[in-house]
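Notes for the one structure printed next.
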Amino acid sequence: MKRSMIPPAGAGAVTLALGGYAVGATRHGGGSERSATCEQANQEFTTRAGQ
0 MKRSMIPPAG AGAVTLALGG YAVGATRHGG GSERSATCEQ ANQEFTTRAG Q
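Here it is in structure tokens:
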């Protein structure tokens, strides 16, 4: 690959990655719900482990 093609290719890769992140973040708006569910499971595990 020519040296002059490396910066545009890198910028394209970053753009694709950011675009994918943005699409994923908008489609999965229930992330906070999942976090709450995981937190509840973690608390139950901690409680049972302490018994």
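Using numbering that gives the first Met the number 0, the first residue of the sequence shown is number 0, and each one after it goes up by one. The beta carbon of each residue, even a glycine, is placed where N, CA and C say it ideally should be.
Asked: In angstroms with no decimal places, state the Cα-to-Cα distance between N41 and G49.; Found: 12 Å
Asked: Have a look at V13 and S34 and give me their C-alpha separation to the nearest angstrom.; Found: 27 Å
Asked: Check G19 in the structure and name its three-state DSSP category.; Found: helix
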